[in-house]
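30 is the number of the first residue of the sequence shown in the working numbering; add one for each residue after it.
Beta carbons are placed, not taken as given, at the ideal position from N, Cα and C, and that holds for glycine.
Values in this document were obtained by computation on a predicted structure and should not be read as measured data.
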Amino acid sequence: MRPLRYLWRVPLLLLHIVLGILLCSLVLTWRRDVVMKNGREPFAHRTIRWWSTALLRIFGLRSVRVGTPLADPVLFVANHTSWIDIELLHSQRAACFVAKAEIASWPLVGWLASAGGTIFHRRGSNHSLAAVMQVMVDRLRAGRSVAVFPEGGTGHDGVLRVFHARIFQAALDAEVPVQPVALRFARDGRRVIDAGFRQHENFMQNFLRLLGEAPLDAEVHFLEPVPATPDARRRMAETSRERIALALEDKPGNDKQA
Numbered sequence: 030m031r032p033l034r035y036l037w038r039v040p041l042l043l044l045h046i047v048l049g050i051l052l053c054s055l056v057l058t059w060r061r062d063v064v065m066k067n068g069r070e071p072f073a074h075r076t077i078r079w080w081s082t083a084l085l086r087i088f089g090l091r092s093v094r095v096g097t098p099l100a101d102p103v104l105f106v107a108n109h110t111s112w113i114d115i116e117l118l119h120s121q122r123a124a125c126f127v128a129k130a131e132i133a134s135w136p137l138v139g140w141l142a143s144a145g146g147t148i149f150h151r152r153g154s155n156h157s158l159a160a161v162m163q164v165m166v167d168r169l170r171a172g173r174s175v176a177v178f179p180e181g182g183t184g185h186d187g188v189l190r191v192f193h194a195r196i197f198q199a200a201l202d203a204e205v206p207v208q209p210v211a212l213r214f215a216r217d218g219r220r221v222i223d224a225g226f227r228q229h230e231n232f233m234q235n236f237l238r239l240l241g242e243a244p245l246d247a248e249v250h251f252l253e254p255v256p257a258t259p260d261a262r263r264r265m266a267e268t269s270r271e272r273i274a275l276a277l278e279d280k281p282g283n284d285k286q287a
């Protein structure tokens, strides 16, 4: 079936890319309309969610929300397995992502990420991290939500890596809540760990592989917020990781989940 999926998905993807460029241009003209007011999403956010949901469907991914996201501003912390994670969270809630600087040079994804307000971080650079932290605080204080992957990179084979605690300082400085988000790919209720990056797999290889894959459910689990503890960022990171790990597990009855 893979060749047949490419046959109809590739033309749809090309059309969606053209539409995305047009929508990005439209959203950029409405750049002031980016802050949630009275819990209501602005036009730009709704546009991002619609486009991301449609992109996922082209890849055979059905976006499923579990739980309720907090109103802006909030720091979302999520597990990370692939570039598709950004679009998956965006399908349910628009947010400014913190992502590695290399993404800015990726075809299409880099341009869309930049237009969507992504904050790029150069790994291994303390100066870059300090600047990113300040931008995060500024965005949060301005009423925007920010999403981060505290593992500091993508995991493989379903392994959830250690969460870096320093990133949680931005929420403390901006005095906003932290909400863990579990991103889970599943088929018939059971987790599929091969949807993310394979070891030594680059962006284009992963992109083409996912484009030909059989349909999957792409679940976004919005979990219970983590209590703010100014004297224990490490505990905030560990609690977030524990809640995400629990949500990623296969549980009896998962095959009946909508």
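Closest by C-alpha distance to residue i, when choosing among the options
{"i": "residue 275", "options": "188, 223, 130", "result": "188"}
{"i": "residue 70", "options": "174, 254, 279, 263", "result": "174"}
{"i": "residue 110", "options": "239, 279, 251", "result": "239"}
{"i": "residue 34", "options": "91, 97, 242", "result": "242"}
{"i": "residue 146", "options": "165, 134, 160, 159", "result": "165"}
{"i": "residue 131", "options": "270, 79, 182, 224", "result": "182"}
{"i": "residue 86", "options": "120, 106, 206, 101", "result": "120"}
{"i": "residue 260", "options": "237, 202, 36, 213", "result": "202"}
{"i": "residue 161", "options": "234, 148, 78, 246", "result": "148"}
{"i": "residue 169", "options": "205, 134, 159", "result": "205"}
{"i": "residue 77", "options": "159, 48, 229, 213", "result": "48"}
Rounded separation between residue i and residue j - CA only
{"i": "residue 200", "j": "residue 268", "result": "15 Å"}
{"i": "residue 112", "j": "residue 72", "result": "24 Å"}
{"i": "residue 244", "j": "residue 31", "result": "11 Å"}
{"i": "residue 278", "j": "residue 220", "result": "7 Å"}
{"i": "residue 99", "j": "residue 208", "result": "8 Å"}
{"i": "residue 192", "j": "residue 129", "result": "16 Å"}
{"i": "residue 51", "j": "residue 197", "result": "35 Å"}
{"i": "residue 122", "j": "residue 248", "result": "13 Å"}
{"i": "residue 180", "j": "residue 108", "result": "7 Å"}
{"i": "residue 117", "j": "residue 75", "result": "14 Å"}
{"i": "residue 89", "j": "residue 42", "result": "12 Å"}
{"i": "residue 39", "j": "residue 258", "result": "48 Å"}
{"i": "residue 283", "j": "residue 215", "result": "Here residue 283 scores only 49 on pLDDT, less than 50, and its place in the model should not be relied on; the value that follows carries that caveat. If I take the Cα positions, the gap works out to 9 Å."}
{"i": "residue 81", "j": "residue 163", "result": "27 Å"}
{"i": "residue 46", "j": "residue 263", "result": "40 Å"}
{"i": "residue 124", "j": "residue 106", "result": "11 Å"}
{"i": "residue 151", "j": "residue 134", "result": "13 Å"}
{"i": "residue 36", "j": "residue 172", "result": "43 Å"}
{"i": "residue 265", "j": "residue 97", "result": "20 Å"}
{"i": "residue 234", "j": "residue 53", "result": "26 Å"}
{"i": "residue 272", "j": "residue 253", "result": "8 Å"}
{"i": "residue 223", "j": "residue 213", "result": "11 Å"}
{"i": "residue 229", "j": "residue 237", "result": "15 Å"}
{"i": "residue 158", "j": "residue 93", "result": "32 Å"}
Delimiting residues of the beta strand (DSSP E) encompassing residue i
{"i": "residue 94", "result": "90-95"}
{"i": "residue 305", "result": "Any question about residue 305 goes unanswered here, given that the chain covers just 30 to 287."}
{"i": "residue 105", "result": "104-107"}
{"i": "residue 212", "result": "207-216"}
{"i": "residue 128", "result": "125-129"}
{"i": "residue 171", "result": "Taken as a continuous stretch (DSSP letters only), residue 171 belongs to no beta strand (DSSP E), as it is neither H nor E."}
{"i": "residue 229", "result": "Segment: none, residue 229 is in no beta strand (DSSP E) and carries neither H nor E."}
{"i": "residue 185", "result": "Premise fails: residue 185 is in no beta strand (DSSP E) and is neither H nor E."}
{"i": "residue 149", "result": "148-150"}
Supposed contact pair residue j and residue i - C-beta distance, whole angstroms, cut 8 Å
{"i": "residue 250", "j": "residue 194", "result": "That pair is no contact at about 22 Å."}
{"i": "residue 185", "j": "residue 226", "result": "7 Å"}
{"i": "residue 127", "j": "residue 177", "result": "5 Å"}
For residue i, the first and last residue of its enclosing alpha helix (DSSP H)
{"i": "residue 87", "result": "72-87"}
{"i": "residue 119", "result": "113-119"}
{"i": "residue 196", "result": "No alpha helix (DSSP H) holds residue 196; DSSP gives it neither H nor E."}
{"i": "residue 273", "result": "262-277"}
{"i": "residue 236", "result": "232-240"}
CB contact below 8 Å: residue i versus chain B
{"i": "residue 90", "result": "Of the protein chains in this structure there is only one, and it is not chain B."}
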